[in-house]
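Novice: Below you will find the structure I want to go over with you.
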Ligand code: UPG
């Protein structure tokens, strides 16, 4: 049972001290204080079923219907900026460094592909198009190093602006006080989620800088989404209609049950619900893809003028809080239980009057979250051409559903050990499930729905073709 913190101000004082000591601004301290008050008041941050209504794709504009805005988009590109969220580590693929530094196509890492995309988009726009990376305290140094190593020629034409997102002190779930972890003081802090973008743009000075250079329309996306490139139609639609905010949403499939879904609040506007905001006894409704048929791709468009005006009036954007229960050392489950205070960028959809959602095709959402996504992306289902990642026209099905055995494929290195000659051909495969420790030889072809099971360790010989239930 966690003790109540008593007088909120007194209880918060140690957080304010700690944050000041680490150079965090008074505005951010006030923002964190308001989130902290919610912890003290025992708010959960949950969005309940009873508050929500589904949204139908038929009621939203589809990107393919926005063709007439393409030219307006080209004009508005002079006022655009591309921002990539680059605060995350590759932990979901067993890596301890910045996720954007994991190779995805041969030697090409997410970061190299982002740089190529930026150069290509500059050509399309016929002029400079700034690229900004929001790093976190965990990814900043190595991202700077990697950018320095990327070919000088590429960087000269497009030098990304890097800014570092804030950090929030972890809150002890026992005492509701700042947690102390002297053996690794960095672990006393957490990145506050990608919702921190709005505050970080302000406190880093990047918002004012972009506006003073005439950059008004920000296209923001996850750095691990290989399909997130500037779309002139959506940009033109935003500029032409003076929209403050657009969320790109896509029809949900069975594999999109975890991301945030779009809904309408019973009080009116559109709203994003992340899995962490769903009460545990309502996850079935959350995952019902027929009820909530659209998910947030996290490709967002923000009018920086509107953001600036809003902040001048009301201070840093206060988003719905997400309380993430963890241990201070995430790898040591016996260490102190903490709350990580986080927010999600897509929550902006309910912060700006007039915000809209646009339905997009799957080619704008090619995420790589786990090794199973990576295997599909590395296979012949996808191709990379000068930064453009596309589905192979020879692919018979939409992206194959790949399910790997986490005991042998949870880490990037383990995956590579099991596909020493590259991934099997998946262009005629609709689903591949691997149960057990399976290594692939050269030129293996998988077709249809295939499940490969082995009790021990199995090697698939060169030139094998597999389909259906395969027991090795
Ligand atoms: N990131 C940061 N800072 C943070 C947390 C994350 O820069 O503090 C970056 C991270 O590097 C990645 C992106 O944000 O590039 C997305 O982060 P992640 O934690 O992987 O979020 P997801 O689980 O992918 O969820 C987001 C949205 C969700 C949406 C989904 C689409 O929250 O609503 O459905 O993206 O992939």
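Numbering (my numbering), first residue to last: 51 to 522. For each residue, glycine too, the CB sits at the ideal point set by N, CA and C. The structure presented is a predicted model; accordingly, all values stated were derived computationally and were not measured.
1) In the DSSP output, which residue or residues are listed as bridge partners for residue 432?
2) Would you list the residues sitting across from residue 300 in a DSSP beta bridge?
3) Tell me which same chain residues have a C-beta within less than 7 Å of the C-beta of residue 324, skipping the five on either side of it?
4) Using three-state DSSP, classify residue 184 as helix, strand or coil.
5) For my contact list, residue 397 and residue 370 are in at a C-beta cut-off of 8 Å; report their separation, rounded to the angstrom.
6) Going by C-alpha to C-alpha distance, which of 252, 163, 471, 60 sits closest to residue 490?
7) What residue range does the alpha helix (DSSP H) around residue 168 cover?
8) So for residue 97, helix, strand or coil by DSSP?
9) Consult DSSP for residue 407 and reduce its assignment to one of helix, strand or coil.
10) Under a three-way DSSP split, which group does residue 328 fall into?
11) Is residue 280 closer than 8 Å to residue 408 when the C-beta atoms are compared?
12) If you draw a straight line from the C-alpha of residue 356 to the C-alpha of residue 510, how long is it?
13) Near residue 142, what residues of its chain come up, given a Cβ to Cβ distance below 6 Å and the 5 sequence neighbours on each side ignored?
14) Any idea what DSSP makes of residue 399, helix, strand or coil?
15) Whole angstroms are fine: how far does the CA of residue 487 sit from the CA of residue 455?
16) Near residue 425, what residues of its chain come up, given a Cβ to Cβ distance below 6 Å and the 5 sequence neighbours on each side ignored?
17) Are there three or more Cβ pairs, one per stretch, closer than 8 Å when the stretch 158-178 is compared with the stretch 207-215?
18) Is residue 345 near ligand 1, judged by its Cβ being under 7 Å from some heavy atom?
19) Cβ of residue 315 within 8 Å of Cβ of residue 102?
20) What do you reckon, is the C-beta of residue 272 under 7 Å from a heavy atom of ligand 1?
21) Beta-carbon within less than 8 Å of residue 52's beta-carbon, same chain only, minus the 5 sequence neighbours each way: which residues are those?
22) Between which two residues does the beta strand (DSSP E) harbouring residue 478 extend?
23) Could you pull the DSSP bridge partners for residue 516 from this structure?
24) Buried or exposed, going by whether 16 or more other CB atoms sit within 10 Å of the CB of residue 321?
25) Can residue 411 be considered in contact with ligand 1, in the sense that its beta carbon sits closer than 7 Å to one or more heavy atoms?
26) Taking 7 Å as the cut-off, is the beta-carbon of residue 282 closer than that to any non-hydrogen atom of ligand 1?
27) Rounded to the nearest angstrom, what separates residue 307 and residue 252 at their Cα positions?
28) Give the list of continuous beta strand (DSSP E) stretches no shorter than 3 residues that lie fully inside the stretch 271-316.
29) From residue 70 to residue 215, what distance separates their C-alpha atoms?
30) Using three-state DSSP, classify residue 91 as helix, strand or coil.
31) How close, in whole Å, do the beta carbons of residue 113 and residue 411 come, if the pair is a contact with beta carbons under 8 Å?
32) So, residue 297 versus residue 416, is the Cβ gap smaller than 8 Å?
33) For residue 103, list the residues DSSP reports as bridge partners.
34) Ordered along the chain, which non-local residues of its own chain (more than five positions away) have a Cβ less than 6 Å from that of residue 428?
35) Going by the beta-carbon positions, is the gap between residue 68 and residue 219 smaller than 8 Å?
36) Return the Cβ separation of residue 447 and residue 104 in integer angstroms, given the expectation that the two are a contact with Cβ distance under 8 Å.
Specialist: Taking the coordinates as given:
1) Paired residues: 441.
2) Beta-bridge analysis with DSSP links residue 300 to 345.
3) These residues qualify, in order along the chain: 310, 372, 394.
4) Residue 184 carries a strand assignment under DSSP once its states are collapsed to helix, strand and coil.
5) Indeed they touch by this definition, with Cβ atoms about 5 Å apart.
6) Closest by alpha carbon: 471.
7) Residues 160-175.
8) Assigned with DSSP and collapsed to three states, residue 97 falls in coil, not helix or strand.
9) In the structure shown, residue 407 sits in a strand (DSSP, three-state: E or B).
10) Looking at residue 328 - three-state DSSP - the assignment turns out to be coil, as it is neither helix nor strand.
11) No.
12) Straight-line measurement puts the Cα of residue 510 at about 57 Å from the Cα of residue 356.
13) Taken in chain order, the residues that qualify are 419, 420.
14) It is helical.
15) Between residue 455 and residue 487, the alpha-carbon positions lie close to 8 Å from each other.
16) The beta carbon of residue 425 is closer than 6 Å to those of 452, 473 in its chain, skipping five residues each way along the sequence.
17) Yes, the stretch 158-178 touches the stretch 207-215.
18) It does: the Cβ of residue 345 is within 7 Å (strictly closer) of some heavy atom of ligand 1.
19) Taking 8 Å as the cut-off, the Cβ atoms of residue 315 and residue 102 count as close.
20) Under cutoff, so the answer is yes.
21) Because the pLDDT at residue 52 is just 39, under 50, the model does not fix this residue reliably, and the point stays unresolved.
22) For residue 478, the enclosing beta strand (DSSP E) begins and ends at 475-490.
23) Paired residue(s): 496.
24) A residue is called buried once 16 or more other Cβ atoms fall within 10 Å of its Cβ, and residue 321 is buried on that count.
25) Short note on residue 411: C-beta not closer than 7 Å to any heavy atom of ligand 1.
26) Not under cutoff, so the answer is no.
27) Straight across, the Cα-Cα distance linking residue 307 with residue 252 is about 33 Å.
28) If you keep only unbroken beta strand (DSSP E) runs of at least 3 residues inside the stretch 271-316, you get 295-301, 311-315.
29) For the pair residue 70 and residue 215, the Cα-to-Cα distance works out to about 16 Å.
30) Shown here, residue 91 sits in coil according to DSSP, grouped into three states, outside any helix or strand.
31) With a Cβ gap of about 7 Å, residue 113 and residue 411 count as contacting.
32) No, Cβ-Cβ distance for residue 297 and residue 416 is not below 8 Å.
33) Note: residue 103 sits in a beta bridge opposite 314.
34) For residue 428, where only same-chain residues beyond five positions count, the Cβ hits under 6 Å are 473.
35) Cβ atoms of residue 68 and residue 219: closer than 8 Å.
36) About 27 Å separates the two Cβ atoms, so there is no contact after all.
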